[in-house]
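Chemist: I am attaching a structure below and will ask some questions about it afterwards.
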Amino acid sequence: MDRIGSLPNDVICHILSFLTTKEAGLTSILSKRWRNLFTLVPSLDIDDSVFLIHEEGKRERDGILESFMDFVDRVLALQGDTHIKKFSLKCKTGIDTDRVNLWICNVLQRGVKSLELVLDFHGSDDDNYMYFLPDEMFVSTKLVELSLRSEFGVDWSRRGADTFLPMLKTLTFESTWILLCEDLEVFLSAFPVLEEFHMADIAWPQMDESVSSQSLRKLTIYASGFRDFRNPKSISFDTPNLVYLEYSDYVAADYPKVNLPDLAEAVLDLKLNGRDILLIRAPNDEDDVSLRLRNVWKLITGLRNVQRLIISAETLEVLSLCCESMPVFNNLKCLGIISADDLGWQAMPVLLRKCPHVETLVLEGLLHYVTDKCGDVCDCISREDKGRSLLSCPVKKLEIREFQGTVREKEMIRHFLEYFPCLDDMEVYADDQNATNLEGNIIFKIIAHKVDEEEVSTKTVLLLYGKLFSESMSQTQMEEISSQFTPRNKKNKYDFFYILHGAPPPTQEMSQDLKEQLDAAKTKLAEFNEEYKERQRVHDAMFDGIVDQNTMIASALKARQSAAESEASNDQEKKRDFGALFEIMAYLSPDFATALTATWD
């Protein structure tokens, strides 16, 4: 029974929309009814690597690229002027850029709303290295989402102020070179309802730039400074409705305007060069560069309303120059800090004191460059006021990642457990690439949970959870490992749980949080499996439909199987050889022989 073939056309088209254009096009030879169904699919996903790279050297064969381009022409011609929602095109070097522009113009004329272009080639003219997008794309009144990626650059500068995309809400640029118009503020004014802007590998066209938009809600910028110098002169942000900012760039000389009143989440990565780091650690009030670095306080002040903040190791280093002017982060609930063993924590004490309501602290790495200014937070240097900043910090949950199991890290963890007065839970994750070896046991994760001293003894908890997590881990081993983290001051008492690599997960008497995490993981895995099975069912149904309705194809397939394979297919799970099927269809079907030969030859 043809279960899929009995469905209404709109349902079939919806199913076909989850397939690539090549896969959807192959269904046209199932029957007369299927011949033009794929032309009604409201989305096209065309990737030349799917068509051309199934074996080494195939792309370079004579006529292969031409066959691919003829296939795209044929698909678009068959669709006529039907409405299209999404068009995804991924092409590499060797494709005719003039035909690419015709394809783009075709879908623009048909009202495409989502356009994804991954064009890794340069212009047709040898003297013009950069590919030029068609003019029609700069004035589309229907585009809502636009994504451009290219290894050879994206040129948006030719249209300049003539660009106007009134419906565009999402814009993504990813390229080695991105050429914008002369001014970023003018560029953004061409998108009056833009809500998400992602820009990677940008070199600022001007030394003074301003990101200004009333509609932006989410902004991601990965910049490499001013094109002729590392550090831009000034960067401003005037985006009053922005709620998410991810910003990576060299430190600018100034941040004259930072208007981010609604910002809820920020990821900040301010890059430094070697000389900058030396000046930060030995500030010189007469040095222009040192004075320039101090202006970072203006950018940080603009982030004061965030609820979640993640900063890089270099950013933390440069913040040490503006400790006196650091704002209070009254709304901050979650603080994430990335560490590096050659960059310092000098700003950490002030930063923690300026977060009076922080509840979760995430530290990606504990090892850092030791100075006499970070001892307030860590125990790298013995001092009388050690831990003073921690005592006033309301952190309830501490998460540590990239744990390597060094003595210094263990002492820092003990220090945190001793001095964070409100800390209830701690999770320590080993480096994913190198699980931590503690006393001969491969530790993947350590969990500490605060308990009342009268509630349970350390010995009982260790023995109980030692049995749950690994029977090979003796009570003595558990006690020895826990002694390396247990607070010495006896004020705070914690149960320790150890998850070992290769050990079965706990199934009884575990904490409610662990149960919920495991249940959530199992549910997610089941969803992924079901999604995969559903897609496989669609492919299998297509295969069976073709074979059941075409006796010649069925006979040819059977003839290609050996006796052993035939018996296995009768007695065991049915075998579906898609490669053989496509080769036979290419031989038997004159309408699609050229396209299929170009695909599988």
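Going by numbering that gives the first Met the number 0, the sequence shown opens with residue 0, and the numbers climb by one from there.
Just so you know, even glycine gets a beta-carbon here, dropped at the ideal spot from N, CA and C.
For the alpha helix (DSSP H) containing residue 277, list its first residue and its last residue.
Modeler: It spans 273-280 - the alpha helix (DSSP H) in which residue 277 sits, taken as one unbroken run.
Chemist: Would you give the residue range spanned by the beta strand (DSSP E) that residue 359 belongs to?
Modeler: Element bounds for residue 359: 359-363.
Chemist: Kindly confirm or deny that the region 387-394 and the region 409-421 touch, where touching means at least three C-beta pairs closer than 8 angstroms.
Modeler: yes
Chemist: Based on the DSSP output, what are the partners of residue 237 in its beta bridges?
Modeler: 211 and 258
Chemist: So residue 360 packs on residue 328, CB below 8 angstroms; how close in whole Å?
Modeler: With a Cβ gap of about 13 angstroms, residue 360 and residue 328 do not count as contacting.
Chemist: Which of the three DSSP states, helix, strand or coil, is assigned to residue 484?
Modeler: coil
Chemist: Buried or exposed: residue 479, going by 16 or more other Cβ atoms within 10 Å of its Cβ?
Modeler: exposed
Chemist: Compute the distance between the beta-carbons of residue 236 and residue 210, then report whether it is under 7 angstroms.
Modeler: yes
Chemist: Taking a contact to mean a Cβ-Cβ separation below 7 angstroms, would you say residue 276 touches residue 251 in this structure?
Modeler: no
Chemist: Per DSSP, what kind of secondary structure is residue 506 in: helix, strand or coil?
Modeler: In this prediction, residue 506 scores a pLDDT of 47, lower than 50, which makes its location untrustworthy; the coordinate-derived value is nonetheless stated afterwards. Of the three classes helix, strand and coil, the one that applies to residue 506 here is coil, per DSSP.
Chemist: Hey, would you say residue 358 sits closer than 7 angstroms to residue 400, going by beta carbons?
Modeler: no
Chemist: Using the C-alpha atoms, what's the distance from residue 422 back to residue 332?
Modeler: Using only the alpha carbons, I get a separation of about 14 angstroms.
Chemist: Is it right to say residue 487 is buried, meaning 16 or more other beta carbons lie within 10 angstroms of its own, or is it exposed?
Modeler: exposed
Chemist: How long is the line joining the alpha carbons of residue 299 and residue 541, rounded to whole angstroms?
Modeler: 57 angstroms
Chemist: On the CB-based measure, 16 or more other CB atoms within 10 Å of its CB, does residue 460 come out buried or exposed?
Modeler: Summary for residue 460: the model assigns pLDDT 33, below 50, so the residue's position carries little reliability; its value from the coordinates is reported in the next sentence. Residue 460 comes out buried.
Chemist: Could you have a look at residue 106 and say whether DSSP puts it in helix, strand or coil?
Modeler: helix
Chemist: Can you tell which of 130, 111, 322 and 113 has its C-alpha closest to the C-alpha of residue 93?
Modeler: 130
Chemist: For a quick check, are the C-beta atoms of residue 107 and residue 87 less than 7 angstroms apart?
Modeler: no
Chemist: Can you tell me whether residue 508 is buried or exposed? The criterion is at least 16 other CB atoms within 10 Å of its CB, across all chains shown.
Modeler: The predicted position of residue 508 is uncertain, since its pLDDT is 47 and thus under 50; a value taken from the coordinates is nonetheless stated next. Result: exposed.
Chemist: Would DSSP call residue 148 helix, strand or coil?
Modeler: strand
Chemist: Residues bridged to residue 296 by DSSP?
Modeler: According to DSSP, residue 296 shares a beta bridge with no other residue.
Chemist: Give, in chain order, every unbroken run of the beta strand (DSSP E) that is at least 3 residues long and sits entirely within the region 300-333.
Modeler: DSSP assignment within the region 300-333 yields the following whole beta strand (DSSP E) runs of 3 residues or more, N-terminal first: 307-310.
Chemist: Can you list, in chain order, the residues of its chain with a C-beta nearer than 6 angstroms to that of residue 248? Leave out the 5 residues immediately preceding and following it.
Modeler: 222
Chemist: Once you ignore the five residues that flank residue 136 on each side, which residues in its own chain have a CB closer than 7 angstroms to its CB?
Modeler: 103 and 107
Chemist: Could you check where the beta strand (DSSP E) with residue 243 kicks off and where it finishes?
Modeler: 243-249
Chemist: Exposed or buried, which one is residue 274 when buried takes at least 16 other CB atoms within 10 Å?
Modeler: exposed
Chemist: Tell me which residue opens and which closes the beta strand (DSSP E) that residue 199 is part of.
Modeler: 195-203
Chemist: For residue 48, which three-state DSSP category applies?
Modeler: helix
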